[in-house]
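Engineer:
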Amino acid sequence: MNIIIALLPAIGWGVMPWIVNKVPNSKPANQIFGVGMGATIVGIIVTLIQHPAISMPVFFLSLLSGALSTIGQIGQFISFTRIGVSKTMPFSTGLQLVGNTIIGALIFGEWKTSNNFIFGIIALVIIMVGVILTAYTEKGNGFTQKTTNKDILFLVLTTIGYLAYSAFPKTITADAESMFLPQTLGILLGSVIYLAFSGNKAAFKEKASYLDLFAGISFGIAAYAYIISAQVNGVTNAFIYGQLSVIISTIGGMTLLGERKQGKELVATLAGLCLIVVGAIL
Numbered sequence: 007m008n009i010i011i012a013l014l015p016a017i018g019w020g021v022m023p024w025i026v027n028k029v030p031n032s033k034p035a036n037q038i039f040g041v042g043m044g045a046t047i048v049g050i051i052v053t054l055i056q057h058p059a060i061s062m063p064v065f066f067l068s069l070l071s072g073a074l075s076t077i078g079q080i081g082q083f084i085s086f087t088r089i090g091v092s093k094t095m096p097f098s099t100g101l102q103l104v105g106n107t108i109i110g111a112l113i114f115g116e117w118k119t120s121n122n123f124i125f126g127i128i129a130l131v132i133i134m135v136g137v138i139l140t141a142y143t144e145k146g147n148g149f150t151q152k153t154t155n156k157d158i159l160f161l162v163l164t165t166i167g168y169l170a171y172s173a174f175p176k177t178i179t180a181d182a183e184s185m186f187l188p189q190t191l192g193i194l195l196g197s198v199i200y201l202a203f204s205g206n207k208a209a210f211k212e213k214a215s216y217l218d219l220f221a222g223i224s225f226g227i228a229a230y231a232y233i234i235s236a237q238v239n240g241v242t243n244a245f246i247y248g249q250l251s252v253i254i255s256t257i258g259g260m261t262l263l264g265e266r267k268q269g270k271e272l273v274a275t276l277a278g279l280c281l282i283v284v285g286a287i288l
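What the sequence shown shows, in our numbering, is residues 7 to 288, in sequence order.
1. Please name the residue in 74, 162 and 227 whose C-alpha comes closest to that of residue 45.
2. Which class does residue 31 belong to by DSSP, given the choice of helix, strand or coil?
3. Please confirm if the segment 42 to 59 is in contact with the segment 179 to 198, defined as three or more CB-CB distances below 8 Å between the two stretches.
4. Using 8 Å as the cut-off, can you tell me whether the segment 255 to 265 makes contact with the segment 238 to 246, which would need three or more C-beta pairs spanning the two stretches below that distance?
5. When burial is assigned at 16 or more other CB atoms within 10 Å of the CB, is residue 274 buried or exposed?
6. Ends of the alpha helix (DSSP H) at residue 208?
7. Among the candidates 47, 117, 100 and 42, whose CA atom is the shortest distance from the CA of residue 239?
8. Tell whether a beta-carbon distance below 7 Å holds between residue 170 and residue 93.
9. The alpha helix (DSSP H) with residue 78 in it runs from where to where?
10. How would you label residue 38, buried or exposed, when you count the other beta carbons within 10 angstroms and need 16 or more for buried?
11. Skipping 5 residues on each side, what residues in its chain have a beta carbon closer than 7 Å to that of residue 232?
So, in structure tokens, the structure goes:
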């Protein structure tokens, strides 16, 4: 049962990029606001069903956690437009895996034996090789957007928000249900702040924002499953299983979103995805 819970975030987070990229005229501003609204709807439903007791400290810490996650989401959505889904997700996944492994294994002490460290490090190396392969671009492929150092640096910096969000369930003692609604409200608050200060206030009224709400519902379901998984499986395991979403999103980018790859590039991408799965299992 714990494995099933651990895989639910992979599905929800994996299909989210499909949804936002299929919405007509959807820009990063629409996407971040739509995700905030959709996630909050899921949070309200969970709270109405579970009736959790929410203390003020838990509420405000969870609110902050959700708001910080919007930094990571903004980074992903902008990168979708710059380098495509099939490149953004592997890069983002690799960065988050390294960061969350350090947090879970070293700070929270989830790796307790020498074997944990040996096999864990080997697994991370395998995953990172997989990420590098999925990012391979064959010269002369007109269908592939070029990745620059600036694009990579942008993802590195914005990933900090995701790291804060992912590690949060381990920092306090509280039920998943009591943290969830404040976190989703934080995501919505973060999106509103972003639109207000980035000159994208028009997104509040645009149709695309409300169609992107369905991506937010997908994200919300995945996020709720992740909170539970982090508590029953540990931050490291929960996160690595959750990041198998890269398989779903990358393949979706190449098929449903038309980010076609061919020749050595296609082979490298498929080999990279296989290594990510092997590394996650290890």
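Yeah, the Cβ is synthetic: ideal placement off N, Cα and C, and Gly gets one too.
Structural biologist: Taking the coordinates as given:
1. As a working note, residue 45 is residue 39 in the sequence shown. Closest by alpha carbon: 227.
2. Translated into the one-based positions of the sequence shown, residue 31 becomes position 25. DSSP places residue 31 in coil when its eight states are reduced to three.
3. Touching, per the Cβ criterion.
4. These segments do not touch.
5. Within the sequence shown, residue 274 is the residue found at index 268, counting from 1. Buried: at least 16 other Cβ atoms inside 10 Å.
6. Working through the sequence shown from its first residue, we reach residue 208 at position 202. Element bounds for residue 208: n/a, residue is neither H nor E.
7. Along the sequence shown, one-based indexing puts residue 239 at 233. With distances taken between Cα atoms, residue 239 lies closest to 117.
8. Within the sequence shown, residue 170 is the residue found at index 164, counting from 1. Within the sequence shown, residue 93 is the residue found at index 87, counting from 1. Result no, Cβ atoms of residue 170 and residue 93 do not sit closer than 7 Å.
9. As a position in the sequence shown, residue 78 is number 72, starting the count at 1. For residue 78, the enclosing alpha helix (DSSP H) has its first and last residue at 62 to 89.
10. Mapped onto the sequence shown, residue 38 falls at position 32. With 16 or more other Cβ atoms within 10 Å, it is buried.
11. Here residue 232 corresponds to residue number 226 of the sequence shown, with the count starting at 1. Hits under 7 Å: 15, 244 and 248.
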